[in-house]
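Here the working numbering = 1-based position in the sequence shown + 185.
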Amino acid sequence: MASLPQRRMTTRRARLSRWLVALSGLGLAFGLVVSGPARSLQQAGAPAPVPGAVGAVAPKASQPPEASQPPAASPSPEASHEPNPSRTPAGSLAPSTAPSPLASSPTAPMATARPSRGGDRFATPESRRALQARLDDLRERYAIPGISVTIIFPDGTRWVGSSGLADVKAGRQVTPTTKFAVASVSKTFTAALIMALEEDGKVALDATVRSYLPELAIDPAITVRQLLDHTSGLNDFFFDRRIDKTLLSQPARRWDPAESLTYVGKPYFKPGRGWHYSNTNYLVLGMLAERAGGAPLSDQLHERFLGPLGLAETSYQPSDEPADPLAHGYRFASPGRTARPIDLSDGSGIAPFTSVVTAAAGAGGIASNSQDLAVWTRQLYGGHVLEPASLQAMILDAASTARFRPRLPYGLGVQLIDFAGEPSLGHSGRLL
């Protein structure tokens, strides 16, 4: 007879099968990016729109959300660990005035309109104007400087919408091709690269991190898998209050991962004893990918993913030369729609500014536009990037983290949420 823990794991895997079924019938894919947080939402207790979100949902006959409804959202961020699961997480996401310049959260809203049969219902000019009107309404209501959305329907047709300003001072409009910093959506690329290296036999998920990076002063028991699913216990360097002053006082200075690691605090828990979202995990994964892959992170991303998939508008900001102007990043120092957005640009062409992006590296260094993100979503979760076994492993790993985080499953670099009642795969990101 199976033990109780074994039976629980079997039950969790059975529940996760609905996400695997969703893969076989993958329908709608979307990318959503915004240029700044909506401070007024935090005051109202509602979830703020995400500066970067990428997701995919299985098709089902359903109506698009009414314009009067805010985007659906997953519950508030939380951390769970043993032996004290009630402990207040040091990495909990705060409002847009949070201490960390890059407060990346695994839980944030993903908004989309989902047709029942391909994109036919949105093929008419009237329908597309209605979608654009909804987007404009959401941007104005949530005080977002600029926003871009791409939806790829099951039949491959697209709707691309944009609204607002990419540069408030200059009056530069957001267009369908405007690039944004996508924050923790970058983790989907880093995780996919690690899985690709595993397929090549260059990385073993259950090997210790120090077997690849022996110089790191971390718990020698931490494995690659534990970095991917945030069960390593490593403290989030972006939630060290000392880092804010350093990053903001010299916004144009470049960082390297070793410097970021000097801000890693005391572990949240022993490896494998809990779940806590931490940017440190993916900072280290970027370093590990470079060591195991024998090439810079940017080169590997371009060679394996960006080039073959035609993601010409996606770049790794710490290394790639800035091309077209990106949307500026903004924060709000006071609540309400009338609050003036504070532009964080340092004039370098890197968004929101150089120090925070280079400090993030593999945890949040990518810039892209909503069209590329939607394509990436469709290709990754549609099974066209990794081997089927790798994609299943990314999803089924959520069965092991569910004991710490039953309401919000998290696999190997992928969020599994019910979005408007449908199983959804992807990742969100939040800057500032």
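Heads up, the beta-carbon is just placed ideally off N, CA and C, and yes, glycines get one too.
Please read all numbers here as calculations on a predicted model, not as lab measurements.
- Across the structure, Arg439 and Arg426 are spaced so that their CA atoms are roughly 19 Å apart.
- Selection Tyr566, Val218 and Ile407 evaluated against Val345 yields Val218 as nearest (Cα-Cα).
- Just so you know, the alpha carbons of Ser609 and Ser396 end up roughly 34 Å apart.
- Secondary structure at Ile332: strand, using DSSP grouped into helix, strand and coil.
- In this structure, Ser347 places its C-beta atom within 8 Å of the C-beta atom of Pro361.
- A distance of 8 Å or more separates the beta carbons of Glu506 and Asn554.
- Shown here, Ser553 sits in a strand according to DSSP, grouped into three states.
- In this structure, the CA atom of Leu571 is about 15 Å from the CA atom of Lys387.
- Assignment of Gln577 by DSSP, reduced to helix, strand and coil, places it in the helix class.
- Taking C-alpha positions only, Pro330 is separated from Asp429 by approximately 23 Å.
- Here Thr309 carries a coil assignment [DSSP, helix/strand/coil].
- Measuring C-alpha to C-alpha distances from Ala389 to each of Thr363, Val353, Ala578 and Asp421 identifies Ala578 as the nearest.
- Between Gly547 and Leu446, the C-beta spacing is not below 8 Å.
- Linking Ser312 to Asp421 through their CA atoms gives a straight-line distance of about 44 Å.
- In this chain, the beta strand (DSSP E) harbouring Gln600 covers Gln600 to Phe604.
- Under the three-state reduction of DSSP, Gln502 is assigned to coil, being neither helix nor strand.
- If you check the CB distance, His612 and Lys354 do not come in under 8 Å.
- By the neighbour-count definition (other C-beta atoms within 10 Å, threshold 16), Gly614 is a buried residue.
- The alpha carbon of Gly341 has as its nearest neighbour, out of Val599, Gln600 and Gln564, the alpha carbon of Gln564.
- Distances from the CA of Gly549 to each of Gln435, Ser533, Pro537 and Gly495 were compared; the closest alpha carbon is that of Pro537.
- Just measuring C-alpha positions, the residue of Tyr467, Asp528 and Ala214 sitting nearest Ala376 is Tyr467.
- Taking C-alpha positions only, Leu350 is separated from Ala545 by approximately 25 Å.
- Ranked by Cα distance from Arg343, the first of Gln411, Phe215, Gly356 and Arg410 is Phe215.
- In this chain, the beta strand (DSSP E) harbouring Ala351 covers Arg343 to Asp352.
- The segment 434-488 contains, as complete alpha helix (DSSP H) runs of 4+ residues, the segments 442-446, 464-478 and 482-486 (chain order).
- For the 8 Å CB-CB criterion, Ile580 and Val599 form a contact.
- Asp509 and Leu433 have their C-alpha atoms some 24 Å from each other.
- No beta strand (DSSP E) of 3 residues or more sits fully in the segment 366-443.
- Here His487 is buried: its Cβ has 16 or more other Cβ atoms, across all protein chains shown, within 10 Å.
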